[in-house]
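Protein chains in written order, with numbering that gives the first Met the number 0: chain A, 0 to 355; chain B, 0 to 355.
2 protein chains.
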Amino acid sequence: MTLIPLHDYTIYVGSTLQQLTAILREKSYTQHIVLADTNTAAHCLPHLNFLASDATFSVITIPAGEQYKTIQTCQTIWQELMDRQADRRSVLINLGGGVIGDMGGFCASTFKRGIDFIQVPTTLLAQVDASVGGKLGIDFADIKNSIGLFGNPQAVIADPVFFSTLPPRELRSGLAEIIKHSLIAEAEQWASIRTIDQLDTVDWPTLVAPSVRIKQHIVAQDPFEQGLRKALNFGHTIGHAIESDALHSASPLLHGEAIAAGMICESYLSVKQAGLSQAALQEISDIIGRIYTPRAIDERRFPHLLDLMRNDKKNRNRSEINCSLLSGIGTVVVDQAVAENDIITSLQYLNTLAKN
Amino acid sequence: MTLIPLHDYTIYVGSTLQQLTAILREKSYTQHIVLADTNTAAHCLPHLNFLASDATFSVITIPAGEQYKTIQTCQTIWQELMDRQADRRSVLINLGGGVIGDMGGFCASTFKRGIDFIQVPTTLLAQVDASVGGKLGIDFADIKNSIGLFGNPQAVIADPVFFSTLPPRELRSGLAEIIKHSLIAEAEQWASIRTIDQLDTVDWPTLVAPSVRIKQHIVAQDPFEQGLRKALNFGHTIGHAIESDALHSASPLLHGEAIAAGMICESYLSVKQAGLSQAALQEISDIIGRIYTPRAIDERRFPHLLDLMRNDKKNRNRSEINCSLLSGIGTVVVDQAVAENDIITSLQYLNTLAKN
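The following block contains the structure:
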């Protein structure tokens with residue numbers, strides 16, 4: 000078990016699920032309410048049965064999927080909390096992936112002006128990405144995470160016990176954030192990622208703790224995303240747009256799959272304007288391409304993708320699109336205004352790697 | 000002009016509207032967006048015409064009234080901000096009473112995880128009450144302010160220029176919070192309130208600054224309502240329930256009218272269990288009764304009122320109803336559990352003062 004103590008709370012990495020009992024006992028909450036989706040209610044909730052004998056224990060279940068990360072679902076959650084007469088000394092335990100963590104944290108932080116919440120991320124992505132940084136919220140008007148706030152949980156329990164319940168595609172998606180952390184801050188971890196061959200032989204927990212530490216180190220220096228933290232946006236300006244665009248298509252992408260594509264595009268832009276070597280781009284494209292097999296994007300979608308990028312929260316204004324780019328493997332430069340033509344070229348480069 | 004500098008921002012009391020120009024210039028926002036309701040758009044917005052020549056200036060207008068303080072209206076506001084391509088460096092200027100300030104502040108604090116907002120309260124109530132304390136939010140599931148968060152504006156402009164646009168009933172409503180502040184913290188101000196005869200001869204601004212200071216003094220010691228700040232809830236446990244109950248009736252009460260009734264009831268309870276003298280209760284009942292002329296409450300509504308009180312955010316759990324009560328004029332005791340029978344008796348006492 001690895002404890003990562005942050006300023007306000009602790010992240011428990013490893014076989015740590017039983018720690019919940021001690022945390023809940025110490026806080027003496029009036030109610031323990033689990034927020035799950037239909038998937039985690041079926042596959043993950045049984046791992047919490049050691050809590051279920053408690054009279055104050057209950058479960059709110061919502062439909063699974065990013066398409067339910069909406070203000071309408073928030074209203075369902077708030078209403079359920081009202082109906083159970085949750086008070087300010089109740090706690091919400093968010094059992095699920097990023098959607099459950101982001102939306103559950105947002106609902107808890109706004110219910111009666113804020114009740115405690117504990118994150119129990121059940122996907123690799125959520126353990127690595129959503130467990131640090133305090134970004135909470137929902138999608139609105141087709142823009143991902145466009146309504147939300149910054150707020151911290153009481154604790155994060157990052158236990159690999161849930162990974163056995165994940166489809167291989169979900170695990171692979173989570174790896175994208177670990178790849179990102181290694182590219183922006185730790186070339187050594189990138190070296191070990193280069194050696195990944197079969198996903199089912201990876202020892203995930205040993206990748207989670209260092210990756211969480213990289214993110215925590217960056218976030219601690221810039222909690223409200225004023226500067227340095229933008230390093231974490233590498234791959235996300237273009238990746239988010241690709242993810243949003245695919246959201247309502249016949250075959251939506253998982254977050255990590257979209258970010259993997261975004262990292263390829265933004266590595267291409269990094270060669271053009273941030274000093275990344277052509278050899279590094281080739282290596283990044285090879286490794287990410289081998290793990291994810293990028294999907295080609297119809298060029299007729301490019302104008303809509305640019306529209307989505309212009310609306311990105313990360314822009315200072317609508318007249319320019321900003322990226323965080325690599326100056327080398329392990330180093331990043333933020334606030335790089337990129338030209339729309341170059342973005343289109345980078346998407347065309349991505350398409351050359353696609354197998355279809 | 001009186002400046003009340005708080006930890007995070009400044010409240011400008013008096014003829015201070017022109018200060019907006021300097022504040023906006025200093026911050027270099029990308030857009031200046033005013034949130035108004037149909038009333039303030041008609042009557043108050045003309046006072047801001049010195050800003051309107053700015054190319055970045057625009058107005059979002061929503062329907063007036065507490066019944067629109069909903070998550071649906073928030074969605075309208077967020078969508079309008081999206082449509083105007085507001086970014087994180089835009090500012091929302093909330094021009095109106097408590098509804099506009101609370102809801103506009105909530106929408107700004109959650110749009111793209113938080114943009115700046117400036118409060119320009121146009122009612123006496125909002126200048127005295129909503130300008131300090133950081134409570135933002137909306138009504139949900141018939142419970143007032145049940146969804147929200149704590150957040151501070153960049154500045155508050157409390158200018159009496161808007162009072163000439165208010166109906167006398169609104170001004171009188173605002174006086175209730177000033178009365179409350181004097182009863183819980185400053186017996187001297189109570190002495191001057193005793194002398195109020197005609198409302199149109201009152202010099203309002205001279206009452207606003209000291210009242211804001213009382214509230215600020217209390218809030219600064221307890222920003223997240225853990226203890227001392229509960230003093231400000233005097234009159235509000237019962238008053239909020241009366242207000243909520245009347246919300247959907249043929250004749251809704253203004254907030255201050257409901258709180259005036261709540262203060263009479265809770266003063267009655269203060270005699271019973273907090274040491275307030277019978278003479279003080281008589282004086283409070285006389286003065287508040289003379290200003291507000293309480294309306295009788297149908298006894299058949301009492302069970303619903305108790306239901307609303309049980310759901311109050313201020314309770315630690317549903318098994319008890321808590322009030323902040325007076326131990327004397329100018330002193331308060333918090334966390335007083337009150338019996339439901341005593342609440343009913345206090346409502347019956349209120350009814351004996353009603354003229355109808």
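Cβ coordinates follow ideal geometry from the N, Cα and C atoms, glycine included.
- Item | is_contact[A:K111, chain B] using C-beta, thresh 8 Å | At least one CB atom of chain B sits nearer than 8 Å to the CB of A:K111.
- Task: Write down every uninterrupted run of the beta strand (DSSP E) in the region 16 to 90 of chain A whose length is 3 residues or greater and which is fully enclosed by it, in chain order.
- Result: Listed in chain order, they are 31 to 36, 56 to 61.
- Quick one: measure Cβ to Cβ for B:I59 and B:S89, integer angstroms, because I've assumed they're closer than 8 Å. So it is not a contact: roughly 12 Å between Cβ atoms.
- Task: For A:I258, collect the residues of the same chain with a Cβ closer than 6 Å to its Cβ; drop the 5 residues on either side in sequence, then sort them by chain order.
- Result: Close CB contacts of A:I258 within its chain, under the 6 Å cut and outside five residues either way in sequence, are with A175, G234, G238 (chain order).
- Task: Answer yes or no: does any C-beta atom of chain A fall closer than 8 Å to that of B:W189?
- Result: False, the Cβ-Cβ gap to chain A never drops below 8 Å.
- Query: Rounded to the nearest angstrom, how far is the Cβ of A:A231 from that of A:S172, given a contact under 8 Å?
  - Reply: Rather than Ala, the amino acid found at residue 231 of chain A in this sequence is Leu. Contact check for A:L231 and A:S172: beta-carbon distance about 17 Å, past the 8 Å limit, so the pair fails to qualify.
- Message: In chain order, what are the residue ranges of uninterrupted beta strand (DSSP E) at least 3 long that sit wholly in the region 152 to 212 of chain B?
- Response: DSSP assignment within the region 152 to 212 of chain B yields the following whole beta strand (DSSP E) runs of 3 residues or more, N-terminal first: 154 to 157.
- Task: Give me the Cβ distance between B:I320 and B:I342, rounded to the nearest whole Å; I'm assuming they're in contact under 8 Å.
- Result: Confirmed, Cβ separation roughly 7 Å.
- Task: Report yes if the C-beta of B:S108 is less than 7 Å from at least one heavy atom of the ligand COA; otherwise report no.
- Result: The ligand content of the structure shown is nil, which means the ligand COA is not present either.
- Message: Does the contact criterion of 3 or more C-beta pairs under 8 Å hold for the region 292 to 306 of chain A versus the region 206 to 221 of chain A?
- Response: Taking a cut-off of 8 Å on C-beta distances, the region 292 to 306 of chain A does not touch the region 206 to 221 of chain A, as fewer than three cross pairs fall below it.
- Task: Rounded to whole angstroms, what's the CA-CA distance from A:H180 to A:T15? Just pull it up for me.
- Result: Rounded to the nearest whole angstrom, the C-alpha separation of A:H180 and A:T15 is 23 Å.
- Item | From A:Q220, A:K26, A:C43, residue whose alpha carbon lies closest to that of A:L34 | Of the candidates A:Q220, A:K26, A:C43, the one whose C-alpha sits nearest the C-alpha of A:L34 is A:C43.
- Query: Is the Cβ-Cβ distance between B:K111 and B:R83 less than 8 Å?
  - Reply: Contact annotation: B:K111 and B:R83 have beta-carbon atoms that are not nearer than 8 Å.
- Beta bridge counterpart(s) of A:I10 as assigned by DSSP: Under the DSSP definition of a beta bridge, A:I10 partners with A:I3, A:V155.
- Query: How about B:I137 and A:W77: do their beta carbons lie closer than 8 Å?
  - Reply: Pairing B:I137 with A:W77 gives a Cβ-Cβ distance that is not under 8 Å.
- Taking A:I99 and A:I22 to be in contact with their CB atoms under 8 Å, please state how far apart those CB atoms are, rounded to whole angstroms. Wrong, their Cβ atoms sit about 18 Å apart, outside the cutoff.
- Item | Outcome for A:T109 when other beta-carbon atoms lying within 10 angstroms are tallied against a minimum of 16 | By the 10 Å Cβ count, A:T109 comes out buried.
- Item | B:A41 versus B:H247: straight-line alpha-carbon distance, rounded | Rounded to the nearest angstrom, the two C-alpha atoms are 25 Å apart.
- Message: Comparing C-alpha positions only, which one of A:S57, A:V12, A:I286, A:A154 sits nearest to A:Q197?
- Response: Just measuring C-alpha positions, the residue of A:S57, A:V12, A:I286, A:A154 sitting nearest A:Q197 is A:I286.
- In whole angstroms, what is the alpha-carbon distance linking A:P62 and A:L349? If you draw a straight line from the Cα of A:P62 to the Cα of A:L349, it comes to about 33 Å.
- Query: Just the Cα atoms here: how many angstroms apart are A:Y356 and A:E256?
  - Reply: No answer is possible for residue 356 of chain A: the residues shown for chain A start at 0 and end at 355.
- For B:P120, which option in B:Q225, B:V207, B:T236 has the closest C-alpha, if you only look at C-alpha atoms? For the residues B:Q225, B:V207, B:T236, the minimum Cα distance to B:P120 belongs to B:V207.
- Return the CA-CA distance between A:R289 and A:M308, expressed in angstroms with no decimal places. The alpha-carbon atoms of A:R289 and A:M308 are separated by roughly 27 Å.
- Message: Run through the DSSP bridge pairs and tell me what B:A336 is partnered with.
- Response: Under DSSP, the beta-bridge partners assigned to B:A336 are B:N321.
- Task: Could you tell me whether the Cβ of B:I70 comes closer than 8 Å to any Cβ of chain A?
- Result: When Cβ-Cβ separations below 8 Å define contact, B:I70 makes contact with chain A.
- Task: Could you tell me which residues DSSP puts in a beta bridge with A:L346?
- Result: According to DSSP, which records beta bridges pairwise, A:L346 is partnered with nothing at all.
- Query: Of all the residues that make up the region 60 to 87 of chain A, which are near chain B by a beta-carbon distance shorter than 7 Å?
  - Reply: I70, Q74, W77, Q78, M81, Q84, D86, R87: these are the residues of the region 60 to 87 of chain A whose beta carbon lies less than 7 Å from some beta carbon of chain B, given in chain order.
- Message: Can you tell me whether B:P152 is buried or exposed? The criterion is at least 16 other CB atoms within 10 Å of its CB, across all chains shown.
- Response: Classification for B:P152: buried.
- Query: Start and end of the alpha helix (DSSP H) containing B:Q220?
  - Reply: Per DSSP, B:Q220 belongs to no alpha helix (DSSP H) and is neither H nor E.
- Query: If you compare alpha carbons, which of B:C264, B:L352, B:S57 is closest to B:T344?
  - Reply: The option with the nearest alpha carbon to B:T344 is B:C264.
- Task: State the start and end residues of the unbroken alpha helix (DSSP H) segment that holds A:D285.
- Result: In the DSSP annotation of this structure, the continuous segment of the alpha helix (DSSP H) that includes A:D285 starts and ends at 277 to 291.
- Of the choices B:T330, B:Q18, B:S266, whose alpha-carbon is the least far from that of B:I217? Per the Cα distances, B:T330.
- If you count every other CB in all the chains shown that lies within 10 Å of the CB of B:Q17, and 16 or more means buried, which is it? Counting C-beta atoms within 10 angstroms of its own C-beta, B:Q17 has fewer than 16 neighbours from the protein chains shown and is therefore classed as exposed.
- In the DSSP assignment, what residue or residues form a beta bridge with B:K111? Paired residue(s): none; B:K111 is not in a bridge.
- alpha helix (DSSP H) containing B:G329: first to last residue? Boundaries for B:G329: no alpha helix (DSSP H) harbours it, and the DSSP string shows neither H nor E there.
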